[in-house]
Amino acid sequence: MSAAPDDKLRELLDDFDAAMLVTRRPDGALRSRPMAVAGFDADGTLWFLTQDDSGKIDEIASDRHVNVAMQSSMKFVSISGKAAPVKDSRKVEELWNEAWKVWFPGGKDDPHLVLLKVQGEAGEYWDNSGTSGIKYLIEAGKAYLSGTRPDVEGDPKIHGKVAM
Numbered sequence: 008m009s010a011a012p013d014d015k016l017r018e019l020l021d022d023f024d025a026a027m028l029v030t031r032r033p034d035g036a037l038r039s040r041p042m043a044v045a046g047f048d049a050d051g052t053l054w055f056l057t058q059d060d061s062g063k064i065d066e067i068a069s070d071r072h073v074n075v076a077m078q079s080s081m082k083f084v085s086i087s088g089k090a091a092p093v094k095d096s097r098k099v100e101e102l103w104n105e106a107w108k109v110w111f112p113g114g115k116d117d118p119h120l121v122l123l124k125v126q127g128e129a130g131e132y133w134d135n136s137g138t139s140g141i142k143y144l145i146e147a148g149k150a151y152l153s154g155t156r157p158d159v160e161g162d163p164k165i166h167g168k169v170a171m
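Structure follows, in structure tokens:
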């Protein structure tokens, strides 16, 4: 597998089924909420499902800029981009998970169901798992002993920035 940052970011996205979606309210305050990740496309588009009358739809109508943050104990992803509600029954059919019926009682045909498309513009990741984690621990140990910071910026297996 390639260690290119964009490949690594896509690989890490496979590991997450939930994210925090951050929007900006009309008064300028930031608002975060957990969202189930419905899917993602190779071009950096993230998909979520929501209700067309939710506060996040109003916030996105006011300011489309969003951040999507994902975290596990050793892996972290942040994607900044622009969001928009989308009505697309074929895409809903493609992404649908029956467990979501709890939130959408009408199922995939629920009249209030809308896709939330987040077109990624910039992504960043940190992966401290597996052999990357071992390398990180070595770098952290060296930094601790020398009074410096860990040098992980140049290793795309551990940290990378991606223009999307």
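Going by our numbering, the first residue of the sequence shown is number 8, and it counts up by one from there.
Don't be surprised by glycine CBs; every beta carbon is placed ideally from N, CA and C.
All values reported here derive from a predicted model rather than from experimental measurement.
Just curious, the alpha helix (DSSP H) that residue i is in, first and last residue?
i, result
"residue 99", "96 to 102"
"residue 17", "12 to 20"
"residue 68", "62 to 69"
Tell me residue i's beta-bridge partners as DSSP assigns them.
i, result
"residue 121", "57"
"residue 133", "83 and 166"
"residue 148", "Its beta-bridge partners do not exist; DSSP assigns none."
"residue 171", "DSSP lists no partner for residue 171."
"residue 39", "29"
"residue 89", "72 and 126"
Output needed for residue i: all residues of its chain with C-beta closer than 6 Å, excluding positions within five of it in sequence on either side, in chain order.
i, result
"residue 51", "127 and 171"
"residue 8", "Residue placement at residue 8 is poorly supported in this model, since its pLDDT is 35, which falls under 50; the coordinates are not used for a value here."
"residue 76", "27 and 85"
"residue 33", "69"
"residue 91", "124"
"residue 39", "27 and 29"
Looking only at its chain, what residues have a beta carbon closer than 7 Å to the beta carbon of residue i, apart from the 5 residues adjacent to it on each side?
i, result
"residue 139", "164 and 165"
Using 8 Å for Cβ pairs, my map puts residue i next to residue j. What's the rounded Cβ distance?
i, j, result
"residue 16", "residue 169", "5 Å"
"residue 124", "residue 93", "5 Å"
What are the boundary residues of the beta strand (DSSP E) that includes residue i?
i, result
"residue 159", "Segment: none, residue 159 is in no beta strand (DSSP E) and carries neither H nor E."
Using a Cβ-Cβ cut-off of 8 Å (strictly less than) and excluding sequence neighbours within five positions of residue i, which residues of its own chain qualify?
i, result
"residue 54", "44, 45, 46, 47, 48, 98, 102, 122, 123, 124 and 125"
Quick check: the stretch 112 to 123 against the stretch 143 to 162, are there 3 or more CB pairs under 8 Å? no
Are three or more beta carbon pairs between the stretch 94 to 102 and the stretch 61 to 68 nearer than 8 Å? no
Do the stretch 131 to 151 and the stretch 77 to 85 make contact, defined as three or more Cβ pairs closer than 8 Å? yes
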